[in-house]
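**Student:** Below you'll find the structure I mean.
Shown next, in the form of structure tokens:
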């Protein structure tokens, strides 16, 4: 028998091995900057020496707040190399939002892009940041610049053991304050291997991966298998999603894979350059993070070919629940199910549909999606109450509702918190939303239940028209009336200019509800609601 604790593999070792095996092959491409694996490894060691000199060591936390940049990647691996933990934050968050995160993870040092001094100042004012602040994309001549550190030779990957923290992954907080999910080196090692196995089989040093989403979350996870396989990562130069730039890079760099979320994939597939530029190099366009309307999904497939890979997962399971590869996007739906599948359980992972007591339900029955396996996180940082409610009998409770078919494919019907009860009937908004999104004039939609003295709750559908499109309430009612049972029909329809979204691009129904409550609620009878309403 081995003695505890067991040794784990530091995530920085992915870089160490690629730099040893293929030192002169390209690792990072960002505009005119092209770093080889040797150059990236040297830069990481240089920054690791600086971190150690500032007192950052094993188990310490480093908060990173920056847009995508080569120095962001350098910072991630330097933090791991010294045995510390990264806590990335999305740049769309306000300084006050980042302070909430910082008070939870208590960083010893902050690495911040030069364009966000207010965020760094807010953190250092609220938390004792002993190591101070280092700046990304700053003048290399300054001592507090990430790029300005003096090379001091190699820096060995710090030893880590099973359970050591590697990444503090903050949930998006669409239903409340964000929670800090603890991702460990050994768990992330499994996730990286699983991504290569299930999402991007055959990935090698000959591949190129384009980053179009923030490295602070899913795109940062997606970076790890590229580093492990020796595939180069391409970063966009513009600070926003620019379809022309994306398709130019895909064509010029012969990009083979990318991670997106449905909102990004929709914009990319609808851009004129998607049809005009050569994207034949693409093998895997991965999308995750939120449900994607079937109409948008089919348009992306027609435009890009059979390269779409969907995965379903939460930050707590690091996206590691199901996979739907390109060849299975036409998997037949069971009778009575109007939404598409998000795939089958990932290799090494197990999915169970459970009722409120924790009993497993049969295929076709709707219940809570629960997960077990090495992709499940360690727990929430300093949050016993959240841990208590998140686990039951060893299963992680996702809070999502769904069902499986006879072949084990999973169908996510919505969030448990989204379900509402009207007149004694359970109503799942996603089914209604999917049908409204099939209307050619509807771009986005949110359906939620609002209090009603007679029915308990009633459905409200808020629709955002597609650019240049026009639709009326009556038209939407007639469209939906032919497609859903009468008891599912929303009582109120509203047309808004846009829907509130989180920093990660998800529609925030909590904010939608607050906006409705702050308006004149309930609205007048339906005939008086045919006008456009601005959110």
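Residue numbers (full-length UniProt numbering): 1 to 535.
Here a beta-carbon is modelled for each residue, glycine too, at the ideal position from N, C-alpha and C.
#1: Where does residue 345 land, buried or exposed, given buried means 16+ other C-beta within 10 angstroms?
#2: At what residue ranges does the segment 301 to 332 contain a whole run of the beta strand (DSSP E), taking only runs of 3 or more?
#3: Quick check: the Cα distance between residue 445 and residue 467, rounded to an integer number of angstroms?
#4: Between 441, 203, 361, 73, which lies nearest to residue 470 when the distance is taken from Cα to Cα?
#5: Can you give me the start and stop residues for the alpha helix (DSSP H) that residue 378 sits inside?
#6: Excluding the 5 residues preceding and the 5 following residue 394 in the sequence, name in chain order all residues of the same chain whose CB lies nearer than 8 Å to its CB.
#7: Short of 8 Å in beta carbon distance, which residues of its chain neighbour residue 142, apart from the five on each side in sequence? Order them along the chain.
#8: Would you identify the three-state DSSP class for residue 530, choosing helix, strand or coil?
#9: Could you give the first and the last residue of the continuous alpha helix (DSSP H) run that contains residue 117?
#10: Report the partner residues of residue 493 according to the DSSP bridge assignment.
#11: Taking a contact to mean a Cβ-Cβ separation below 8 Å, would you say residue 432 touches residue 488 in this structure?
#12: By alpha-carbon positions, which one of 429, 408, 170, 368 ends up nearest to residue 358?
#13: Quick check on the DSSP output: the alpha helix (DSSP H) that includes residue 14 runs from which residue to which?
#14: List the endpoints of the continuous alpha helix (DSSP H) containing residue 45.
#15: Please confirm if the segment 199 to 210 is in contact with the segment 266 to 275, defined as three or more CB-CB distances below 8 Å between the two stretches.
#16: When DSSP builds the beta bridges, which residues end up paired with residue 101?
#17: Can you look up residue 361 in the DSSP assignment and give me helix, strand or coil?
#18: State the beta-bridge partners of residue 257 as determined by DSSP.
#19: Expressed to the nearest angstrom, what Euclidean distance is found between the alpha-carbon atoms of residue 309 and residue 325?
#20: Going by DSSP in three states, residue 174 sits in which element: helix, strand or coil?
#21: By how many angstroms is the C-alpha of residue 287 removed from the C-alpha of residue 300?
#22: Work out the CA separation of residue 169 and residue 565 for me, nearest whole Å.
#23: Should the segment 383 to 399 be called in touch with the segment 455 to 463, which here means at least 3 C-beta pairs below 8 Å?
#24: Nearest-angstrom Cα distance between residue 174 and residue 509?
#25: I'd like to check one pair, residue 224 with residue 543: are the Cβ atoms closer than 8 Å?
#26: Does DSSP classify residue 437 as helix, strand or coil?
#27: Answer yes or no: do residue 88 and residue 220 have a C-beta to C-beta separation smaller than 8 Å?
#28: Give me the Cβ distance between residue 351 and residue 29, rounded to the nearest whole Å; I'm assuming they're in contact under 8 Å.
#29: Tell me the start and end of each unbroken alpha helix (DSSP H) in the segment 379 to 452 that is at least 4 residues and wholly inside, in chain order.
#30: Grouping DSSP H, G and I as helix and E and B as strand, with all else coil, what is residue 507?
#31: Less than 6 Å between C-beta atoms, sequence neighbours within five positions excluded: which residues of the same chain meet that for residue 110?
#32: With the cut-off set at 8 Å, would you say residue 427 and residue 456 are in Cβ contact?
#33: Tell me, which residues are paired with residue 501 by DSSP?
#34: Among the candidates 204, 434, 71, 59, whose CA atom is the shortest distance from the CA of residue 39?
#35: Within the chosen definition, does the segment 447 to 455 reach the segment 472 to 486 through at least 3 CB pairs nearer than 8 Å?
#36: For the candidate residues 322, 383, 332, 333, whose alpha-carbon lies nearest to that of residue 370?
**Tutor:** Walking through what the data contain:
#1: When all chains shown are included, residue 345 counts as buried.
#2: Residue ranges of uninterrupted beta strand (DSSP E) with 3 or more members, entirely inside the segment 301 to 332 and ordered along the chain, are 308 to 312, 322 to 324.
#3: Those two C-alpha atoms are separated by around 14 Å.
#4: Closest option to residue 470, Cα to Cα, is 441.
#5: In the DSSP assignment, residue 378 falls outside any alpha helix (DSSP H), carrying neither H nor E.
#6: Cβ neighbours of residue 394 beyond the five flanking positions: 372.
#7: Residues 135, 148 of the same chain have their beta carbon placed closer than 8 Å to that of residue 142, with the five preceding and five following residues left out of the count.
#8: Confidence is the limiting factor: at residue 530 the pLDDT is only 33, short of 50, which leaves the residue's position unreliable and the question unanswerable from this model.
#9: Element bounds for residue 117: 117 to 126.
#10: DSSP, once it has assigned bridges, lists 461 as partnering residue 493.
#11: The Cβ-Cβ distance between residue 432 and residue 488 falls below 8 Å.
#12: When C-alpha distances from residue 358 are compared across 429, 408, 170, 368, the shortest belongs to 368.
#13: Unbroken alpha helix (DSSP H) run through residue 14: 13 to 21.
#14: Secondary structure note for residue 45: its alpha helix (DSSP H) is the uninterrupted segment 37 to 53.
#15: With the cut-off at 8 Å, the segment 199 to 210 and the segment 266 to 275 do not touch.
#16: DSSP, once it has assigned bridges, lists no residue as partnering residue 101.
#17: In the structure shown, residue 361 falls within a coil segment according to DSSP collapsed to helix, strand and coil.
#18: In DSSP, residue 257 forms a bridge with 209, 284.
#19: If you take the alpha carbons of residue 309 and residue 325, they lie about 5 Å apart.
#20: Residue confidence is low: residue 174 scores 46 on pLDDT, short of 50, so the model does not pin down where it sits. Its coordinate-derived value is still stated next. It is coil, neither helix nor strand.
#21: Within the model, the alpha-carbon separation for residue 300 versus residue 287 is close to 11 Å.
#22: Outside the displayed span of the chain (1 to 535) sits residue 565, for which this structure offers no information.
#23: Judged by Cβ distances under 8 Å, the segment 383 to 399 makes no contact with the segment 455 to 463, as fewer than three pairs qualify.
#24: Since pLDDT at residue 174 reaches only 46, below the 50 mark, its modelled position is unreliable, and the value read off the structure follows with that caveat. Approximately 7 Å, taken between the alpha carbons.
#25: Because the chain here runs from 1 to 535, residue 543 falls outside it and cannot be looked at.
#26: Helix, per DSSP.
#27: For residue 88 and residue 220, yes; Cβs fall inside 8 Å.
#28: Beta-carbon to beta-carbon, residue 351 and residue 29 are separated by about 37 Å, too far to satisfy the 8 Å threshold.
#29: Fully enclosed alpha helix (DSSP H) runs of 4 or longer: 384 to 390, 429 to 437.
#30: Here residue 507 sits in strand by DSSP.
#31: Take residue 110, set aside five residues on each side of it, and the residues of its chain with a beta-carbon closer than 6 Å to its own are 63, 120, 123, 129, 133, in chain order.
#32: Taking 8 Å as the Cβ cut-off, residue 427 and residue 456 do not qualify as a contacting pair.
#33: DSSP, once it has assigned bridges, lists 507 as partnering residue 501.
#34: Measuring from the Cα of residue 39, the nearest candidate turns out to be 71.
#35: Contact between the segment 447 to 455 and the segment 472 to 486 is absent, because fewer than three Cβ pairs lie under 8 Å.
#36: With distances taken between Cα atoms, residue 370 lies closest to 322.
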